[in-house]
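Down below is the structure, laid out as structure tokens.
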Amino acid sequence: MKASRRGFMPMEYGQKQWNSAGVPVVVAADGSAFLNIRLPRYPGITGTVVDENDVGLPEMEVVAYHATQPPKLASRAMSDDRGVYRIPGLTPGTYLVRSAAGRGELVDYLPTFSRETFRVEEAGMVQVSLDDDARNVDVRPMQGKLFTVTGGVTPAALPVGPISVTLASDMGRQTVQGPAFQFDGLPPGPYEIYAEAREGQPAGARFQSGYTRLSVSGNTRVTLIISVSDTRFDCAPAPDCGNPLQIKARRLDLAGRGPEVALKLKDNRATLALGRWELMLLPPPGYYVSAMTGSLRPPGGTERPDGWNETEIHSFSLFRFSLTAGAGSLHGVVKAGGEPVAGAPVHLEAYDPTSRKRLMDLRATRTGMRGEYRFDGLAPGTYRVLATFEYQSPDEALMEVAPATSVQIEAHGNVQADLALYEQR
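Per the working numbering, the very first residue in the sequence shown carries number 23; after that it's consecutive.
Okay, structure coming up:
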């Protein structure tokens with residue numbers, strides 16, 4: 023059971039904390055249940071944007087980022103006529119606060135973190151707690167020179183559909199409509215630009231895209247050529263790949279990872295935009311992905327072929343997945359005090375014990391009425407599994423603290439691992 027209301031955090035019945043999992047509600051025959059769900063208010067961050075004389079700066083944009091690598095945009099707000107701002111709607115956690123680029127009457131203001139620095143690693147950390155605001159997080163933008171990136175998009179084939187142009191940096195993305203584009207108020211640093219022209223309208227228009235990297239140290243003009251791309255996928259053994267292939271993709275740029283999309287394949291081909299991507303094949307039942315060619319993993323990377331694989335899409339790209347029969351499985355029963363636990367969340371991560379890193383996205387399921395759980399389609403390797411109501415999505419550190427149970431999956435293996443429900447003491 024879940025409740026929500028504007029201005030409040032949605033909560034499930036039985037959650038211990040805002041980021042815990044809800045517990046099942048058992049209703050007996052001819053019975054009823056009375057549930058009490060408390061909704062806490064979203065916290066926020068407040069402060070003042072001031073100039074070098076500690077005078078409030080009005081109409082300055084202030085941005086909050088999750089303290090990740092790279093920082094991930096959380097929310098933003100504008101300062102009022104006194105320079106006071108409030109960024110609402112945040113979840114508890116650690117944030118970085120930065121002023122956006124701004125132009126005053128006589129000077130330019132560079133994007134500046136609290137503690138008066140341009141560097142992420144030197145920025146002040148802001149801890150946000152439930153039902154409360156982090157106060158007095160003042161920002162003093164430093165003066166400097168802002169630049170402009172202008173340009174145009176040239177299609178390689180006509181007719182061409184509506185064009186969008188995106189500029190990405192380590193602090194986010196902004197998109198405008200082309201073919202002519204202009205991005206103002208940019209601080210110096212590395213950027214990526216990619217453009218896409220949709221297919222269909224006008225009649226006969228085909229999907230086209232372009233991509234380039236650039237380093238901005240002054241006003242810059244860019245000519246971006248977009249063209250038709252052809253991305254092909256293959257897998258071996260071909261008869262076992264399924265029809266059609268199920269491949270997920272997500273854009274990768276300086277701002278981080280974009281949303282996942284399921285590729286629409288025709289004759290095992292897709293029209294992926296040029297630039298950096300991550301790809302993952304969903305194998306048919308009983309198989310796992312044992313190899314992938316065409317990927318460009320970074321040196322020292324710990325990705326697995328059955329997970330997300332980093333690559334760069336060019337005008338023509340070919341990717342081949344190798345499938346192997348004999349995917350493993352993991353099953354068991356979750357108990358607490360010797361009794362099976364129904365509806366308990368069970369989390370599974372592929373794990374590298376040498377680097378102590380998670381190798382793939384976390385998988386999760388819930389136990390059945392008799393406390394049973396099961397994961398199928400597992401590639402050989404080391405995994406960690408944890409059953410708990412304490413967390414909705416535990417990260418690597420929480421899996422270590424719990425501690426999670428380590429299991430080794432072999433080809434054709436069917437491993438049983440009964441789990442004790444983890445509860446914080």
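For glycine and all other residues, C-beta sits at the position ideal for the given N, C-alpha and C.
Quick one: Cα of residue i to Cα of residue j, how far?
| i | j | result |
| --- | --- | --- |
| residue 285 | residue 401 | 23 Å |
| residue 440 | residue 418 | 21 Å |
| residue 253 | residue 381 | 26 Å |
| residue 183 | residue 295 | 14 Å |
| residue 435 | residue 426 | 20 Å |
| residue 127 | residue 287 | 53 Å |
| residue 200 | residue 104 | 37 Å |
| residue 178 | residue 100 | 41 Å |
| residue 367 | residue 386 | 7 Å |
| residue 30 | residue 282 | 27 Å |
| residue 310 | residue 371 | 16 Å |
| residue 361 | residue 259 | 45 Å |
| residue 90 | residue 49 | 42 Å |
| residue 353 | residue 404 | 15 Å |
| residue 98 | residue 53 | 47 Å |
| residue 209 | residue 271 | 31 Å |
| residue 157 | residue 377 | 38 Å |
| residue 147 | residue 116 | 6 Å |
| residue 275 | residue 313 | 24 Å |
| residue 392 | residue 416 | 24 Å |
| residue 102 | residue 79 | 8 Å |
| residue 51 | residue 84 | 54 Å |
| residue 269 | residue 414 | 26 Å |
| residue 195 | residue 155 | 27 Å |
Taking the alpha carbon of residue i as the reference point, which residue from the options has its own alpha carbon closest?
| i | options | result |
| --- | --- | --- |
| residue 231 | 363, 292 and 239 | 292 |
| residue 160 | 71, 334 and 372 | 71 |
| residue 180 | 342, 435 and 224 | 224 |
| residue 36 | 211, 313 and 412 | 412 |
| residue 304 | 282, 281, 329 and 313 | 329 |
| residue 336 | 234, 306 and 395 | 234 |
| residue 373 | 198, 406 and 91 | 406 |
| residue 145 | 327, 82, 136 and 423 | 136 |
| residue 171 | 239, 398 and 118 | 239 |
| residue 149 | 40, 118 and 176 | 118 |
| residue 423 | 63, 429, 445 and 438 | 445 |
Tell me which same chain residues have a C-beta within less than 8 Å of the C-beta of residue i, skipping the five on either side of it?
| i | result |
| --- | --- |
| residue 134 | 120, 121, 140, 161, 162, 163 and 164 |
| residue 333 | 298, 299, 300, 301, 316, 317, 318, 339 and 341 |
| residue 290 | 254, 255, 256, 266 and 267 |
| residue 74 | 162 and 165 |
| residue 432 | 350 and 402 |
| residue 60 | 33 |
| residue 125 | 131, 168 and 207 |
Using C-beta distances below 7 Å, list every residue in its chain close to residue i, excluding the 5 sequence neighbours before and after it, in chain order.
| i | result |
| --- | --- |
| residue 26 | 32 |
| residue 278 | 92 and 94 |
| residue 421 | 371, 406 and 408 |
| residue 202 | 174 |
So what does DSSP say about residue i, is it helix, strand or coil?
| i | result |
| --- | --- |
| residue 340 | strand |
| residue 57 | coil |
| residue 432 | coil |
| residue 421 | helix |
| residue 129 | coil |
| residue 142 | helix |
| residue 198 | strand |
| residue 279 | strand |
| residue 87 | strand |
| residue 39 | coil |
| residue 31 | coil |
| residue 103 | coil |
| residue 14 | Absent from the model: residue 14. The displayed extent of the chain is 23 to 447, so no value can be given. |
| residue 415 | coil |
Skipping 5 residues on each side, what residues in its chain have a beta carbon closer than 6 Å to that of residue i?
| i | result |
| --- | --- |
| residue 207 | 123 and 168 |
| residue 222 | none |
| residue 229 | 221 and 293 |
The region 237-250 / the region 212-222 touching (three or more Cβ pairs under 8 Å): yes
How do the region 186-196 and the region 103-117 stand: do at least 3 beta-carbon pairs fall below 8 Å, yes or no? no
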